[in-house]
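Trainee:
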Amino acid sequence: MENDDCVKFIPFSHYDWTYARSGWLPWNPTAFALIASFCAIAYWMCLELLVLVYVTFRRHTGVYFYSIIITTLGLILQTTGYILKVFENSCPPVLVTIICKLGWVANVTGFSVVLWSRLHLIVDDPRILRGILIMIITNGIICHTPVVVFEFGLMSKQHSTYYLPMQITERIQQTIFTIQETVLSSLYIYHTFRFLSAGYTTHTRNVITLLLCVQITVVALDAMLTVFDYMDKFTLKCTIHPFVYSIKLKLEFIVLNHLQILVKQGLVTPGLSLTSNIAPSASSIATLPQRPVEKQRPVPVFERDFITETGIGSASTSLTTVDSDSVKERRKDHESIDSNGTLKGEEVDWKHITGNPDNQVIVISPNEEDIERLYLGRWNGRGLS
């Protein structure tokens, strides 16, 4: 006698991944193993990210920190809601949908906010930053709202009525969010690419290249999700969505780890303009005019949000203009470095003496814990740009 409580078996070749399917997923070991694998990896990476965020960042505050936390928690919620939605269980469908969509909104828009917050390190035009933030908020309201409404409609008895509107809306929102993240990644790639012509060492160039590859990977992963949408493979897309976004967040920390190594090795001069990170020759230093000493610069509030636990030193960064005689005196002490690789007192490592477009010599004390700003940040006289 056949048991009516058993989930019906469907061959993998006949599996329905579209919106037209309603109810629990039919039994197929390959499909179930595929879904379980992607969800398990997403869970693991999200839990790892939560630990890394709290261990890496000293200041547990700021847009960058909270956007990563919210995005990661959103991925956990969406994965949990998706599992409860497609596999047979006794949970209320309304509660499951709320969990799933709340997580979806948090991780999709949250990741865009992560990219937006990092743009503050290299984009100095407030109009661009403000315009991008308005774009993120507007797209979030326009795209999230109808999808959530239609999702609840699919749960009702009029499933077929909401099927076509949901299919169209899903493709539109996926396309819009893909374009949005492409714009953010393109801006990041463009401004970072300007570093490539500044005469950096091979190691520094390799890290910058890695950063570019990460942004390109983000765009490629978004394009893959869009393709699944247009192929009407909604269930398959929902399966890999948390996995894809957890990868994109993980890549953020891969780049951050390389930046930390770069700073520890003293290969980057912090706080300089994009075109002034080339050490001048001895002859050019000798001819530089004497400039007055500038006042110590305060650290902007937003900049403090990027301070990490594993940075070098503990003091604040200061900018000083010196003449050629002072440079020669400081150069004699460039080998006086403690066991941690941090310069002592007024001793200056020659790697941190460089010229800028105004032909003045800049001495930066590498006593700053802000890893990302040390690598990508620069000043325009008013603060971080």
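In terms of full-length UniProt numbering, the sequence shown opens at residue 1 and continues consecutively. Backbone N, C-alpha and C fix where the C-beta goes; we use that ideal spot for every residue, glycine too. Given the structure is predicted, the values throughout are model-derived calculations rather than measurements.
#1: Can you say whether residue 393 is buried or exposed, counting buried as having 16 or more other CB atoms within 10 angstroms of its CB?
#2: Below 8 angstroms, can you find three or more Cβ-Cβ pairs linking the region 112 to 132 to the region 89 to 102?
#3: Measuring CB atoms only, is the region 139 to 154 touching the region 105 to 115, in the sense that at least three cross pairs come out at less than 8 angstroms?
#4: Does the region 211 to 223 come close enough to the region 13 to 28 that 3 or more CB-CB pairs lie under 8 angstroms?
#5: Please report how far the alpha carbon of residue 67 lies from the alpha carbon of residue 94, in whole angstroms.
#6: Can you give, in chain order, each stretch of the beta strand (DSSP E) that sits fully within the region 12 to 94 and has at least 3 residues?
#7: Would residue 184 pass as a contact of residue 255 if the rule is Cβ separation under 8 angstroms?
#8: Here's the rule: buried if 16 or more other CB atoms are within 10 angstroms of the residue's CB, otherwise exposed. What is residue 88?
#9: So, under 8 angstroms CB-CB, residue 76 and residue 46 are touching, yes? Tell me the CB distance rounded to an integer number of Å.
#10: With burial defined as no fewer than 16 other Cβ atoms inside 10 Å of the residue's Cβ, what is the status of residue 118: buried or exposed?
#11: Is the beta carbon of residue 243 sitting closer than 8 angstroms to the one on residue 237?
#12: Excluding the five sequence neighbours on either side, which residues of its own chain have a C-beta within less than 6 angstroms of the C-beta of residue 246, listed in chain order?
#13: Shorter than 8 angstroms from the beta carbon of residue 171 to some beta carbon of chain D?
#14: Alpha carbon to alpha carbon, how far is residue 147 from residue 165? Give it in angstroms, no decimals.
#15: Classify residue 27 as buried or exposed, calling it buried when 16 or more other Cβ atoms lie within 10 Å of its own Cβ.
#16: Measuring straight from C-alpha to C-alpha, what distance separates residue 34 and residue 188?
#17: Taking all protein chains shown into account, decide if residue 22 is buried (16 or more other Cβ within 10 angstroms of its Cβ) or exposed.
#18: What do you get for residue 162, buried or exposed, if any count of 16 or more other CB atoms within 10 angstroms of its CB means buried?
#19: Please identify the residue among 223, 241, 249, 253 whose C-alpha is closest to the C-alpha of residue 37.
#20: Expressed to the nearest angstrom, what Euclidean distance is found between the alpha-carbon atoms of residue 155 and residue 65?
#21: When the Cα of residue 249 is compared with those of 25, 191, 71, which residue comes out closest?
#22: For a test of the three-state rule: what should DSSP assign to residue 10, helix, strand or coil?
#23: Could you round the C-beta distance between residue 136 and residue 113 to whole angstroms and report it? I think they count as a contact, below 8 angstroms.
Mentor: Let me spell this out:
#1: Because the chain spans 1 through 385 in this model, residue 393 falls outside it and cannot be assessed.
#2: Touching, no, given that fewer than three Cβ pairs across the two stretches are closer than 8 angstroms.
#3: yes
#4: Result no; under three Cβ-Cβ pairs closer than 8 angstroms.
#5: 27 angstroms
#6: none
#7: Result no, Cβ atoms of residue 184 and residue 255 do not sit closer than 8 angstroms.
#8: Exposed, because fewer than 16 other Cβ atoms sit within 10 Å of the Cβ of residue 88.
#9: 5 angstroms
#10: buried
#11: no
#12: 42, 45, 46, 75
#13: Looking at the structure shown, chain D is missing, and only one protein chain is on hand.
#14: Spanning the alpha carbons of residue 165 and residue 147 requires a straight line of approximately 9 angstroms.
#15: Exposed: under 16 other Cβ atoms inside 10 Å.
#16: 34 angstroms
#17: exposed
#18: buried
#19: 241
#20: 36 angstroms
#21: 71
#22: coil
#23: Contact flag correct, Cβ pair sits at about 6 angstroms.
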